[in-house]
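Residue numbers (my numbering): 1011 to 1334.
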């Protein structure tokens, strides 16, 4: 009887948590009137500008493709002036600059639209342009056995020295992590960093998966995803996909910089998530993705769980030819 009641309670909890997920997403997504218009416009500009970038990166882009998209971007950015540090404007500038240059020797089907694009570029600070396309050095794609060895030896360890990461270390690690791919270049991932031992202990007690070493973690990263960068029912799970990709890049970046690190899951009910946000001063619009404990290697021997993996043949299947 007790076992049956326990299962019923778990099902009921599922329903409650899904409802709370729905309410959180509705309140903070990119279409929500509860979020600042400037934030929504910035995110929307980044997403739509990336479609122009993708078109320009094709082997043979169709001349003056996406004219309706370009019109919408110009209209969307005609009534607000973001701060110079806002990525959306510098990204749009670069994309439109490259759009004009790509088809410079081809007569445009819409002279008026091309004139609007050139005017927009002219009145802005084109030196600040960061979007558009770039050329990739083929040597970058070449086989690198030392990189393969580095990836093969990635590990999670809970042995740290007492020294926390410095401000410069944190900046360098996160800067490299930003090379992670992001859907439509949304870059919704956010990172909250803690070095105060008491705060770290409080956060890890709520996480409840760091027993036995929570009091020796010198630096704690909390990765989140900002819901305002996402919109539409098909994107309901994307904050976690995007945030997961970023989190993995952060782990690799920490290892590349010589820091011990250990990912800590945040499989939580809303009540616990909200407590963590309160302790960490994380905005309600951000959903928690992962915690990462990090620090320098200790002077003593470093231990890590073996964590054996399935043979690779167990987890993949090659689909060649007709699939019926």
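Beta carbons: idealized from backbone N, C-alpha and C, even for Gly. Here the structure is a predicted model, which means the values were calculated and not measured.
Close beta carbons around residue 1083, own chain, < 7 Å, minus the five adjacent residues each side: What you label residue 1083 is simply residue 73 of the chain shown in a count that begins at 1. So the qualifying residues of the chain are 1055, 1058, 1059, 1102.
query: If we call anything under 8 Å between Cβ atoms a contact, is residue 1300 one with residue 1233?
result: What you label residue 1300 is simply residue 290 of the chain shown in a count that begins at 1. What you label residue 1233 is simply residue 223 of the chain shown in a count that begins at 1. Result yes, Cβ atoms of residue 1300 and residue 1233 sit closer than 8 Å.
- prompt: How about residue 1065 and residue 1050: do their beta carbons lie closer than 8 Å?
  reply: The sequence position of residue 1065 within the chain shown is 55, counting from 1. The sequence position of residue 1050 within the chain shown is 40, counting from 1. Inclusion of residue 1065 and residue 1050 in the CB contact set at 8 Å is not warranted, their separation being larger than that value.
- prompt: Rounded to a whole number of angstroms, what is the C-alpha to C-alpha distance between residue 1044 and residue 1242?
  reply: Taking the first residue of the chain shown as position 1, residue 1044 is located at position 34. Taking the first residue of the chain shown as position 1, residue 1242 is located at position 232. Computed Cα separation, rounded: 16 Å.
field: Burial state of residue 1038, where buried means 16 or more other Cβ atoms lie within 10 Å
entry: Walking along the chain shown from the start, residue 1038 turns up at place 28. Residue 1038 is classed as buried because its beta carbon has at least 16 other beta carbons within 10 Å across all chains shown.
- request: Report the rounded CA-to-CA distance for residue 1222 versus residue 1278, giving the unit in angstroms.
  value: For this step, residue 1222 is matched to residue 212 along the chain shown. For this step, residue 1278 is matched to residue 268 along the chain shown. In this structure, the CA atom of residue 1222 is about 20 Å from the CA atom of residue 1278.
query: With DSSP run on the structure shown, which of helix, strand or coil describes residue 1048?
result: Stepping through the chain shown from its first residue, residue 1048 is reached at position 38. Note: residue 1048 maps to helix in three-state DSSP.
message: Which residues does DSSP list as the beta-bridge partners of residue 1305?
response: Sequence index remark: in the chain shown, residue 1305 carries index 295 (1-based). Beta-bridge pairing links residue 1305 to 1270.
task: Could you check what DSSP says for residue 1080 in three-state terms: helix, strand or coil?
output: By one-based count along the chain shown, residue 1080 stands at place 70. In the structure shown, the three-state DSSP call for residue 1080 is helix.
task: Identify whether residue 1175 lies in helix, strand or coil by the three-state DSSP scheme.
output: Here residue 1175 is taken as the residue at index 165 of the chain shown, counted from 1. Here residue 1175 sits in coil by DSSP.
- request: Please state if the CB of residue 1308 and the CB of residue 1163 are separated by a distance shorter than 8 Å.
  value: The residue given as residue 1163 occupies position 153 in the chain shown. The residue given as residue 1308 occupies position 298 in the chain shown. Not a contact, by the Cβ cut-off of 8 Å.
message: Residues in the same chain with beta-carbon distance under 8 Å from residue 1116, minus the five sequence neighbours each way, listed in chain order, please.
response: Taking the chain shown and counting its residues from 1, one reaches residue 1116 at position 106. The residues are 1073, 1074.
message: As an exercise, report each continuous beta strand (DSSP E) stretch of at least 3 residues that is fully enclosed by the stretch 1184 to 1211, in chain order.
response: Within the stretch 1184 to 1211, the complete beta strand (DSSP E) runs of at least 3 residues fall at 1199 to 1204.
- prompt: Which first and last residues belong to the alpha helix (DSSP H) in which residue 1322 is found?
  reply: Numbered from its first residue, the chain shown carries residue 1322 at position 312. For residue 1322, the uninterrupted alpha helix (DSSP H) run begins and ends at 1322 to 1325, by DSSP.
query: Can you list, in chain order, the residues of its chain whose CB lies under 6 Å from that of residue 1298, leaving out five sequence neighbours each side?
result: The residue labelled residue 1298 in the question sits at position 288 within the chain shown. Contacts found: 1234, 1276, 1283.
task: Figure out for me which residue from 1326, 1304, 1294, 1280 has the closest Cα to the Cα of residue 1026.
output: In the chain shown, the residue the question calls residue 1026 occupies position 16. Looking at the Cα atoms, 1280 is the closest of the given residues.
message: Using a Cβ-Cβ distance cut-off of 8 Å, determine whether residue 1127 contacts chain D.
response: You won't find chain D in this structure, because it holds only one protein chain.
- prompt: Is it the case that the Cβ atoms of residue 1305 and residue 1092 are separated by a distance below 8 Å?
  reply: If you number the chain shown from 1, residue 1305 lands on position 295. If you number the chain shown from 1, residue 1092 lands on position 82. Not in contact: residue 1305 and residue 1092 (Cβ atoms no closer than 8 Å).
- request: Use the C-beta contact count for residue 1019: other C-beta atoms within 10 angstroms, 16 or more gives buried, fewer gives exposed.
  value: Translated into the one-based positions of the chain shown, residue 1019 becomes position 9. With a threshold of 16 other beta carbon atoms within 10 Å, residue 1019 falls short and is exposed.
- prompt: Can you name the start and end residues of the beta strand (DSSP E) that residue 1230 belongs to?
  reply: As a first step, residue 1230 must be located in the chain shown, where it is residue number 220. Where residue 1230 is concerned, the enclosing beta strand (DSSP E) stretches over 1229 to 1236.
query: For the putative contact between residue 1197 and residue 1274, defined by C-beta atoms under 8 Å, what is the C-beta separation to the nearest angstrom?
result: Here residue 1197 corresponds to residue number 187 of the chain shown, with the count starting at 1. Here residue 1274 corresponds to residue number 264 of the chain shown, with the count starting at 1. Residue 1274 and residue 1197 do not touch by the CB rule: their CB atoms are close to 23 Å apart, not below 8 Å.
message: Rounded to whole angstroms, what is the Cα-Cα separation between residue 1401 and residue 1205?
response: The displayed coordinates of the chain run from 1011 to 1334. Any statement about residue 1401 would go beyond what the structure contains.
message: Just verifying my parser: in three-state terms, what is the DSSP assignment at residue 1319?
response: Within the chain shown, residue 1319 is the residue found at index 309, counting from 1. In the structure shown, residue 1319 sits in coil (DSSP, three-state: anything other than H, G, I, E or B).
message: Quick check on residue 1189: buried or exposed, where buried means 16 or more other Cβ atoms within 10 Å of its Cβ?
response: Here residue 1189 refers to the residue found at position 179 when the chain shown is read from its first residue. Looking at its Cβ environment, which holds fewer than 16 other Cβ atoms inside 10 Å, residue 1189 is exposed.
query: In angstroms, rounded to a whole number, what distance separates the CA positions of residue 1312 and residue 1321?
result: Against the chain shown, residue 1312 aligns to sequence position 302. Against the chain shown, residue 1321 aligns to sequence position 311. Each residue's Cα considered, the two are about 26 Å apart.
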